[in-house]
Structure formats: structure tokens, C-alpha cells
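In our numbering, the protein residues as written are 1 to 266.
Glycine included, C-beta positions come from ideal geometry on N, C-alpha and C.
Since the structure is predicted, the reported quantities are computational estimates derived from the model, not experimental observations.
Reviewing the structure listed below.
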Amino acid sequence: MLALALARRYVPEDVPPGTDHRLDTTGLLLLSPGLAALVYGLSRDGLTRDTAIPAGALLVVLFAAHALRSPAPLVDLRLFQDRAFAVSSTLMFLNGLALYGGMFLLPLYYQQARGESVVAAGLLLAPQGLGSLLSRATGPLTDRVGPRPVVLTGLLLSALGTLPFALHHPAAALLPLAFVVRGLAVNVGAHQGLSPDRIPHGSTTVRIVQQLGGSVGTAVLAAVLARGRGAAAFPHAFLWSTAFTVLAALVALALPAQVAAPERPS
1 MLALALARRY VPEDVPPGTD HRLDTTGLLL LSPGLAALVY GLSRDGLTRD TAIPAGALLV
61 VLFAAHALRS PAPLVDLRLF QDRAFAVSST LMFLNGLALY GGMFLLPLYY QQARGESVVA
121 AGLLLAPQGL GSLLSRATGP LTDRVGPRPV VLTGLLLSAL GTLPFALHHP AAALLPLAFV
181 VRGLAVNVGA HQGLSPDRIP HGSTTVRIVQ QLGGSVGTAV LAAVLARGRG AAAFPHAFLW
241 STAFTVLAAL VALALPAQVA APERPS
């Protein structure tokens, strides 16, 4: 609440004059329960046991039809007409699959497969934070060499950092290094090249896509673990997480080689 109050007072207004400030209530009432139903259905195996996924999918489709007609939608789906944005958003979905799915697996792996306590498992996850801190240097690098090589390198590092956990008996000394490398996974600048007035919608869309990917990834990996036999299921689950990252790397080949100059509103 304090952050909201400070932001309202000190963050400058950057909405262009003449912009419609009204909340898209129809879009909110369609998209929010639609995404919630999809996530709930995935977590409960909704494809076979209930109607959550079909109902959620219907609401999302209705939202898409509404958003494409509305002059000021809650989430502007017309942004996907921009090729770089569409590719980057797909990457963020796949990154959510691997990243959040891995965050779900790793504490369980240390506790169930390696017999660590809850406190020890938390401490053993700390090296990933170091990798995340180092990854902040990728922004200026992307400006210099372009997004494709930086993102491909980051995804390769992420896959290499996950692969040791897929081994049935990984060397304990490899695991902290693997965590540092996992933390170096690149955050894709999906709004590169968008005009300033479209960046807020772009940021919102990318965040929704990534969170949805995380929900799907967590549900898939949880199902893999549930169908396995105790600790022996973890290598299989980590192979799935690595496969998500490799798939993201294939999509990253479609990224532009250089950063496009932002469009200016006419």
C-alpha cells in the first residue's frame, strides 16, 4: 500500500493526451475468470474431470473477439501483429514453462531426492539469485549486439544449468554451479520497437503470457512427478524442463538480429 501511495505521488504521468483512461470492464470480466479457470483446470486435470478448461477457453476466446473490436481493450491483442513482439511473447510463455516449472521442482528435489531439510533446501537455492543479479548486464549487451545472440546464449545457459538435475546421480559439486547458470537466463525485451504509447499494453501482455506459461509448466511437471515413482521421477521431470528451454531456443531463432528503433506516434 505504501508503494502504491508513493507511486501515485512521485511517478510522472506519461499517458499521451487524448488517451482513453476508462477501465475495460467487459474485458476484465471475460479475461480474469477465463485465465483463472484455465489455471484451475490445469491444476485439477480439467481436460478429463471437469469443465474448467473448456469454460476458461471460451471466456478467453470471447475476450479476444471483444479486444479486437474495442478501441481501448484491457489487453491489446493487436500488438501481436508486430512480428518481434509475437516472437518475444512466445518466448516468454516458454520461458515461463521452464522457469516457474523449475522453481516448483527444485525445492522438492532437494528435500525428496537428496534428503535435505527445508532450511537447507532454501539455502541451496541461493546461488540462482547470484545468476539473476549477473543477468542484469544483458540489457546493454542486447543494445549492442542485438537480441538474438544474447537470448540464444541465455537459453543455452539455462538448459545447461538444468541438465545436471536430469542425471540420476549428479555430482553434488555441480549443483551450485548449475544454479548460478540457471539464474543467468535472459529476460526477453518483448517491447523493443514498440511506440511509447503501446509499451504499457505490451508489458501487461507479456506479463500475462509469462504467468500463464508458468502455470502450465507447473501443472505439466507436477503431473510428470505424480506419475513417477518418488525420487526416481525427478530426472524425467527435469528433462521436460530442459525440453521447454530447447524449444524456446528454436523460437528465438526468429528474433530480429538487431534491435529495431522504436516507432514514434504520428
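- By the beta-carbon neighbour count (other beta carbons within 10 angstroms, threshold 16), V216 is buried.
- Fully enclosed alpha helix (DSSP H) runs of no fewer than 4 residues occupy 83-108 and 118-124 of the region 78-127, in order along the chain.
- The continuous alpha helix (DSSP H) containing A248 extends over residues F234 to A252.
- Counting every other CB atom within 10 Å of its CB across the protein chains shown gives S241 a total of 16 or more, marking it as buried.
- When Cβ pairs closer than 8 Å are counted between the two stretches, the region 149-161 is seen to touch the region 245-253, the count reaching three or more.
- Around the Cβ of Q128, a 10 Å sphere holds 16 or more other Cβ atoms; the residue is buried.
- For A57, the enclosing alpha helix (DSSP H) stretches over residues A52 to R69.
- Here the alpha carbons of V220 and G146 stand approximately 33 Å from one another.
- For F93, the CB contacts under 6 Å within the same chain, skipping 5 residues up- and downstream, are V209 and G213 in chain order.
- Residues of the same chain with a CB within less than 6 Å of the CB of V251, apart from the 5 flanking positions on each side, are T90 and L91 in chain order.
- Looking at the backbone, the Cα of L123 and that of Y10 are separated by about 37 Å.
- Bounds of the alpha helix (DSSP H) holding A159 are P147 to T162.
- Annotation for V39: the continuous alpha helix (DSSP H) segment containing it runs T25 to S43.
- Using a Cβ distance threshold of 8 Å, L62 and L23 do not count as a contacting pair.
- Under the 8 Å Cβ criterion, the region 49-56 does not count as touching the region 72-82, having fewer than three qualifying pairs.
- With 16 or more other Cβ atoms inside 10 Å of its own Cβ, G34 counts as buried.
- Within 10 angstroms of the beta-carbon of A84 lie 16 or more other beta-carbons, which makes it buried.
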